[in-house]
Amino acid sequence: MISIEALKSQLRPEAALLLGCARLSLSRAERDRLLALTGQVADWSDLLALGERHGLLPMLYRHFNDLGAKVVPKHVFMALWARYEESGRRNRRMARALAEIVNALEAEGIPALPYKGPSLAENAYGDLALREFSDLDILLRPADVRRARALLQSRGYVAEYDLAQDAEDAYLHSHLNYHLVLLHRDEDVMVELHWKTDADFPVEPSTVSRFTSEELLLVLLVHGSRHRWERLAWLVDIAALLRKYPGSDWDWVMRRAGEFHCRRRVGVGLLLVNRLLDVPLPKPVLDEIGSNRHVHALAGRILEKSFVRAPAAAGALNRLGFDLRMYDCLRHKAIHFFSVVFAPNLVEWSRWPLPAWLHFAYFPLRLFRLTIKYGQHAFHRH
Amino acid sequence: MNWSDKISVPGEVMSRLVGEETVILDLVSGTYYGLDPVGARIWDLLVDGRTLGEVCACMLEEFEVSREEIERDVLALISNLREKKLIAVS
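Residue numbers (my numbering), protein chains in the order written: chain A, 8 to 389; chain B, 232 to 321.
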């Protein structure tokens with residue numbers, strides 16, 4: 008197993024530069040290092056592609072702008088400036104849409120908690136343009152989801168998948184599901200209505216008015232691990248949050264992670280934030296995650312994949328294998344395996360409407376659809 | 232177009248200094264344009280809300296060129312910027 012430090016030292020200049028820019032502010036030493044790295048970049052399009060993949064183009068703009076536009080070729084700087092401005096405009100539009108939705112929900116007596124997206128960008132980054140996001144996440148009380156969905160539909164949003172009434176009942180009541188997606192095609196806004204923050208990690212806020220910083224930290228750590236930390240921007244979120252709230256109750260965080268059997272997933276995120284973005288963590292936390300060889304192995308795999316020049320789409324079995332390794336205990340591995348392989352999702356519910364007494368047939372239908380889908384992929388690859 | 236006209240810049244068009252060069256960015260097309268020092272000074276005066284006549288008067292004070300030459304440069308730049316939809320004249 009190659010250590011994270013060894014992997015970091017082998018990064019090409021473009022990847023090292025991106026990693027160096029993946030932070031909200033720079034020390035003098037970090038500035039000097041970035042300046043040195045800009046002189047070593049051989050392929051600026053590689054840097055832009057990496058920035059795109061990791062959601063960090065606005066962050067690159069901010070640092071190159073501070074360092075002086077001339078440290079990068081003019082066409083690179085202009086591309087980054089354009090992206091930063093577009094990101095700011097889009098995010099301000101999304102923030103307005105979010106405020107309208109939350110106000111409308113609250114006017115109907117539906118408490119709503121926006122998290123991630125604009126609220127995170129404003130709160131932890133202090134600059135709405137700096138954090139790119141594609142959707143608006145809103146947490147609701149489970150009992151309010153249908154009313155909230157109806158209200159959004161009355162405002163021009165349409166559900167991503169059209170479900171029959173009994174299919175929607177089953178979908179909303181399955182403990183494996185946690186959100187509905189609605190789209191406003193004219194406004195180009197996507198909204199996710201959540202009644203849990205994650206299927207197998209239900210961090211419910213103490214009230215539906217706000218998260219504590221520790222709750223939000225756990226939500227973001229589990230979210231990033233669910234997506235295998237494929238974007239560095241998710242790690243920057245964690246770093247930004249820890250910077251904003253330095254006095255986190257780490258005992259609570261680690262205890263809660265243990266109660267939900269997600270120490271490994273939480274540990275991988277924290278190890279990456281510490282080793283890649285140089286975010287300091289308390290010694291007991293570092294000792295705990297640092298001594299876990301699974302956490303090290305998983306973090307190393309993530310780092311290796313993060314900076315591959317042209318990432319090949321990982322096969323479904325590879326992804327599933329990796330995800331299973333992220334779970335702490337056999338029971339949660341089994342639940343995840345079942346939910347991926349057998350549990351119907353919105354595709355099955357909407358494509359094959361079945362009467363309630365036939366819902367058991369969704370399990371073999373799901374397996375059948377996946378077999379056809381990935382069987383065809385495998386066939387075409389050969 | 233009259234000498235008492237002013238220009239306005241659409242919301243999707245922005246400008247700034249990049250190094251020593253003034254650059255105009257059009258977010259709609261994603262293209263950018265660099266201005267030489269004379270063009271940059273005309274641009275600054277225009278976006279400052281001066282009329283075309285006032286821009287010419289300022290330029291005459293600052294540069295040692297004839298009125299005809301300045302008027303020709305100002306009109307050429309404005310025509311170019313209008314063509315690229317970077318400004319509107321009102």
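Cβ coordinates follow ideal geometry from the N, Cα and C atoms, glycine included.
Self-check item: For B/Leu276 and A/Ala165, the rounded distance between their alpha carbons
Solution: Looking at the sequence shown, residue 165 of chain A is not Ala but Val. Taking the Cα positions, A/Val165 is about 48 Å away from B/Leu276.
Quiz item: Does the separation of the CB atoms of A/Arg250 and A/Leu63 fall below 9 Å?
Solution: no
Self-check item: Backbone secondary structure at A/Thr378 - three-state DSSP
Solution: helix
Practice problem: Count the other C-beta atoms from every protein chain shown that fall within 10 angstroms of the C-beta of A/Arg326, then say buried if there are 16 or more, exposed otherwise. | Solution: exposed
Quiz item: Whose C-beta lies closer than 7 Å to the C-beta of A/Ile117 among residues of the same chain, with five residues either side of it excluded?
Solution: Leu147, Asp151, Arg154 and Ala155
Exercise. For B/Gly280, collect the residues of the same chain with a Cβ closer than 7 Å to its Cβ; drop the 5 residues on either side in sequence, then sort them by chain order.
Key: The residues are Lys237.
Self-check item: Chain-order list of residues whose beta-carbon lies under 7 Å from that of B/Arg247 (same chain, five-residue window excluded)
Solution: Val254
Quiz item: Should B/Leu317 be flagged as near chain A, meaning a C-beta pair shorter than 9 Å?
Solution: no
Quiz item: Cβ of B/Glu314 within 8 Å of any heavy atom in the ligand SAH?
Solution: Judged by which ligands are present, the structure shown has none, so any question about the ligand SAH falls away.
Self-check item: Where the stretch 82 to 98 of chain A meets chain B: residues whose CB sits under 7 Å from a CB there
Solution: Phe84, Met85, Trp88, Ala89, Glu92 and Glu93
Self-check item: Short Cβ contact (9 Å threshold) for A/Ala323 with A/Leu279
Solution: no
Self-check item: Ranges of the alpha helix (DSSP H) found wholly within the stretch 323 to 362 of chain A, counting only runs of at least 4
Solution: 323 to 333, 337 to 348 and 353 to 358
Quiz item: Quick one: does B/Met290 have its CB under 9 Å from some CB of chain A?
Solution: no
Self-check item: Range covered by the beta strand (DSSP E) that runs through B/Ser246
Solution: Val244 to Val249
Self-check item: Buried versus exposed, by CB contacts within 10 Å (16 or more), A/Trp241
Solution: buried
Exercise. Rounded to whole angstroms, what's the CA-CA distance from A/Glu175 to A/Leu200? Just pull it up for me.
Key: If I take the Cα positions, the gap works out to 14 Å.
Quiz item: Do B/Leu258 and A/Glu92 have their C-beta atoms closer together than 9 Å?
Solution: yes
Quiz item: Are the stretch 263 to 283 of chain A and the stretch 332 to 342 of chain A in contact at 8 Å, needing three or more beta carbon pairs?
Solution: yes
Quiz item: Are any of the Cβ atoms in chain A nearer than 9 Å to that of B/Gly250?
Solution: yes
Quiz item: If you measure from the beta carbon of A/Ala76 to each beta carbon in chain B, is any gap under 9 Å?
Solution: Chain B, which has a Cβ nearer than 9 Å to the Cβ of A/Ala76, makes this yes.
Self-check item: beta strand (DSSP E) segments (min. 3 residues) lying fully within the stretch 28 to 105 of chain A
Solution: Entirely contained in the stretch 28 to 105 of chain A, not one beta strand (DSSP E) run reaches 3 residues.
Exercise. Would you list the residues sitting across from B/Thr282 in a DSSP beta bridge?
Key: According to DSSP, B/Thr282 shares a beta bridge with no other residue.
Quiz item: With A/Leu74 and A/Arg38 assumed to form a contact (beta carbons below 8 Å), what rounded beta-carbon distance in angstroms separates them?
Solution: 7 Å
Quiz item: What does a CB cutoff of less than 8 Å around A/Leu372 pick up in its chain, not counting 5 residues either side in sequence?
Solution: Pro351, Glu355 and Trp359
Exercise. Could you have a look at B/Arg313 and say whether DSSP puts it in helix, strand or coil?
Key: helix
Exercise. On a CA-only basis, which of A/Gly297, A/Phe314 and A/Leu225 is nearest A/Arg263? Give me that one, please.
Key: A/Leu225
Quiz item: Which of helix, strand or coil does DSSP assign to A/Met197?
Solution: strand
Quiz item: Could you give the distance in angstroms between the alpha-carbon of B/Gly270 and the alpha-carbon of B/Ser235?
Solution: 19 Å
Quiz item: In whole angstroms, what separates the C-alpha of A/Ala114 from that of B/Pro268?
Solution: 55 Å
Quiz prompt | Range of the contiguous alpha helix (DSSP H) that encloses A/Val229 | solution = Ser220 to Arg233
Exercise. Kindly list, in the order they appear in chain A, the residues whose Cβ is closer than 8 Å to that of B/Leu370.
Key: Chain B is shown only over 232 to 321; residue 370 of chain B falls outside these bounds and no answer can be derived.
Quiz item: On the three-state DSSP scale, how would you describe A/Glu237?
Solution: coil
Quiz item: Could you check where the alpha helix (DSSP H) with A/Ala13 kicks off and where it finishes?
Solution: Residues Ile11 to Ser16.
Quiz item: Would you say B/Gly261 faces chain A, with C-beta separation under 9 Å as the test?
Solution: yes
Quiz prompt | chain A contact for B/Leu232 (CB, 9 Å cutoff) | solution = Looking at the sequence shown, residue 232 of chain B is not Leu but Met. Not an interface residue.
Exercise. Give the DSSP-derived three-state secondary structure of A/Ala171 in the structure shown.
Key: Of the three classes helix, strand and coil, the one that applies to A/Ala171 here is coil, per DSSP.
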